[in-house]
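Asker: Sequential numbering from 17 applies to the sequence shown in the numbering used here.
No residue lacks a Cβ here, since even glycine has one placed at the ideal position from N, Cα and C.
None of these values were measured; they are calculated from a predicted model.
One structure, pasted below without further comment.
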Amino acid sequence: MSASERQFANLRRSPKIFITLEAKRKLELYIEYAEGEISGLGKAERIPGTGDLLITSIELFAQESDLSETDIDPKAITSMLEAIVEQGGSPEMYKVWWHSHVNGSAYFSSRDDETALFMGECGWMISLVGNKRHELRARLDVFEPMRLVVDGVEVVEWYDDRQLQIELKAEVAEKVRIKVRPPPPPQVYTETNSVTRDELVRTHSVGRFDDLDKEFQQLDMSDVDITTAEALKLAIVSTGARAGLEEDRRDVGHGSKRAKSESLLVRWSSAKETDGKDKKK
Numbered sequence: 017m018s019a020s021e022r023q024f025a026n027l028r029r030s031p032k033i034f035i036t037l038e039a040k041r042k043l044e045l046y047i048e049y050a051e052g053e054i055s056g057l058g059k060a061e062r063i064p065g066t067g068d069l070l071i072t073s074i075e076l077f078a079q080e081s082d083l084s085e086t087d088i089d090p091k092a093i094t095s096m097l098e099a100i101v102e103q104g105g106s107p108e109m110y111k112v113w114w115h116s117h118v119n120g121s122a123y124f125s126s127r128d129d130e131t132a133l134f135m136g137e138c139g140w141m142i143s144l145v146g147n148k149r150h151e152l153r154a155r156l157d158v159f160e161p162m163r164l165v166v167d168g169v170e171v172v173e174w175y176d177d178r179q180l181q182i183e184l185k186a187e188v189a190e191k192v193r194i195k196v197r198p199p200p201p202p203q204v205y206t207e208t209n210s211v212t213r214d215e216l217v218r219t220h221s222v223g224r225f226d227d228l229d230k231e232f233q234q235l236d237m238s239d240v241d242i243t244t245a246e247a248l249k250l251a252i253v254s255t256g257a258r259a260g261l262e263e264d265r266r267d268v269g270h271g272s273k274r275a276k277s278e279s280l281l282v283r284w285s286s287a288k289e290t291d292g293k294d295k296k297k
């Protein structure tokens with residue numbers, strides 16, 4: 017999916033409102049510590065390439081409140097905006113209005129509708145309402161180029177770890193070195209006692225019974241122990257079975273070859289056992 021396709025896919029879904037962990041916690045604590053209703057403002061910005069918004073701060077101003085309403089002191093807001101301008105900031109960043117319903121339901125009343133309309137002078141506005149049960153409801157008011165209200169917008173906690181990613185990536189690059197190991201030697205089949213069951217089965221594919229039988233008969237088994245011999249026997253029998261040595265699929269000669277190989281191995285094994293007993297005597 018191209019960048020433009022991803023962008024349009026993001027725009028086709030409902031918008032989300034993200035909020036930083038600090039802003040979310042401040043909102044919860046402001047509501048918890050206030051005896052009555054409480055309200056304030058906050059900063060928000062658009063997330064580039066998406067239709068989503070990010071709340072970056074929650075702030076509180078001087079106000080009077082009771083259990084049913086709250087009024088922000090206009091002088092406090094004016095002083096705040098003047099201080100922002102003096103510091104080179106932008107008052108237009110304050111696009112969040114939040115308030116509480118104490119222990120009541122988190123919903124937007126008709127008075128909340130009027131407040132949102134009054135606050136929205138910069139194209140769009142986020143409204144939040146919460147309570148002491150940590151219930152939170154959000155809505156998005158759009159004023160330009162048309163009037164639009166999106167209620168019940170999903171609020172998602174935002175953890176910005178981009179700087180942390182940069183720092184940890186640099187730390188790993190500095191402290192962690194990849195140990196380079198030399199490649200293992202190639203597995204070469206030889207007609208010596210170094211052959212193992214795994215090597216034999218891996219070296220010979222299904223259906224190569226003739227070659228396997230010839231090579232087995234040519235092995236120098238003078239120094240091969242019984243375990244290896246049994247492994248060779250199992251490899252030959254299993255390879256022969258996989259090759260389909262039944263008389264209705266293959267000629268009888270293959271069956272005699274297998275019997276010949278097994279007979280050779282049995283005779284050799286018996287000789288080794290007899291030799292071992294003689295040595296003990």
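(1) Taking 7 Å as the threshold (C-beta atoms), are LYS148 and GLU48 in contact?
(2) Beta-carbon separation of HIS117 and SER55 under 7 Å?
(3) Have a look at ALA186, LEU57, SER143, GLU183 and flag the residue whose alpha-carbon is nearest the alpha-carbon of VAL169.
(4) For the 8 Å Cβ check, are there 3 or more pairs between the stretch 120-128 and the stretch 91-110?
(5) Curious, which full-length alpha helix (DSSP H) runs of at least 4 residues does the stretch 32-98 contain?
(6) Thinking just about the alpha-carbon of each residue, which of ARG29, ILE100, GLU160, THR36 is nearest to the one in ASP177?
(7) State yes or no: is the C-beta of SER81 within less than 7 Å of the C-beta of GLY52?
(8) Who are the near neighbours of MET141 in its chain, counting only those whose CB is closer than 7 Å to its CB and skipping five residues on each side?
(9) Output the boundary residues of the alpha helix (DSSP H) element that contains ARG178.
(10) Measuring straight from C-alpha to C-alpha, what distance separates GLU108 and ALA60?
(11) Select from PRO161, VAL166, GLY146 the residue whose C-alpha is nearest the C-alpha of ARG155.
(12) Report yes if the C-beta distance between GLU173 and GLY139 is below 7 Å; otherwise report no.
(13) Would LEU69 and ILE100 be called neighbours here (beta carbons separated by less than 7 Å)?
(14) For ASP157, list the residues DSSP reports as bridge partners.
(15) Using DSSP with H/G/I as helix, E/B as strand and the rest coil, what is GLU170?
(16) For PHE77 and VAL192, what's the separation of their Cα atoms in angstroms?
(17) Could you give the DSSP three-state label for SER326: helix, strand or coil?
(18) For the putative contact between GLU44 and HIS150, defined by C-beta atoms under 8 Å, what is the C-beta separation to the nearest angstrom?
Answerer: So, from the listed chains and residues:
(1) One-based indexing of the sequence shown puts residue 48 at position 32. One-based indexing of the sequence shown puts residue 148 at position 132. Yes, these two residues count as a Cβ contact at 7 Å.
(2) As a working mapping, residue 117 is identified with position 101 in the sequence shown. As a working mapping, residue 55 is identified with position 39 in the sequence shown. Contact: no.
(3) As a working note, residue 169 is residue 153 in the sequence shown. It is SER143 whose Cα lies nearest to the Cα of VAL169.
(4) Contact between the stretch 120-128 and the stretch 91-110 is absent, because fewer than three Cβ pairs lie under 8 Å.
(5) Listed in chain order, the complete alpha helix (DSSP H) runs (minimum 4 residues) inside the stretch 32-98 are 37-49.
(6) Residue mapping note: residue 177 aligns to position 161 of the sequence shown, counting from 1. Ranking the options by Cα distance to ASP177, first place goes to THR36.
(7) Taking the sequence shown and counting its residues from 1, the one referred to as residue 81 is at position 65. Taking the sequence shown and counting its residues from 1, the one referred to as residue 52 is at position 36. For the 7 Å CB-CB criterion, SER81 and GLY52 form a contact.
(8) Taking the first residue of the sequence shown as position 1, residue 141 is located at position 125. By the criterion of a C-beta distance shorter than 7 Å, MET141 is surrounded in its chain by LYS111, TRP113, ALA132, MET135, ASP157, once the five residues flanking it on both sides are discounted.
(9) Residue 178 sits at position 162 when you count from the first residue of the sequence shown. Counting along the chain, ARG178 sits inside the alpha helix (DSSP H) bounded by residues 178-191.
(10) Here residue 108 corresponds to residue number 92 of the sequence shown, with the count starting at 1. Here residue 60 corresponds to residue number 44 of the sequence shown, with the count starting at 1. The alpha-carbon atoms of GLU108 and ALA60 are separated by roughly 9 Å.
(11) Here residue 155 refers to the residue found at position 139 of the sequence shown. That would be VAL166, whose Cα lies nearest to the Cα of ARG155.
(12) As a working note, residue 173 is residue 157 in the sequence shown. As a working note, residue 139 is residue 123 in the sequence shown. GLY139 is positioned such that its CB atom lies no closer than 7 Å to that of GLU173.
(13) The count along the sequence shown starts at 1 and reaches residue 69 at position 53. The count along the sequence shown starts at 1 and reaches residue 100 at position 84. Result no, Cβ atoms of LEU69 and ILE100 do not sit closer than 7 Å.
(14) On the sequence shown, residue 157 is found 141 positions in, with the first residue counted as 1. Looking at the DSSP output, ASP157 sits in a beta bridge with MET141, VAL165.
(15) As a working note, residue 170 is residue 154 in the sequence shown. In this structure, GLU170 counts as strand in the three-state DSSP scheme.
(16) Indexing the sequence shown from 1 puts residue 77 at position 61. Indexing the sequence shown from 1 puts residue 192 at position 176. If you take the alpha carbons of PHE77 and VAL192, they lie about 50 Å apart.
(17) The structure shown does not extend to residue 326, since the chain is modelled only from 17 through 297, so no value can be given for it.
(18) Within the sequence shown, numbered from 1, the residue matching residue 44 stands at position 28. Within the sequence shown, numbered from 1, the residue matching residue 150 stands at position 134. Confirmed, about 6 Å.
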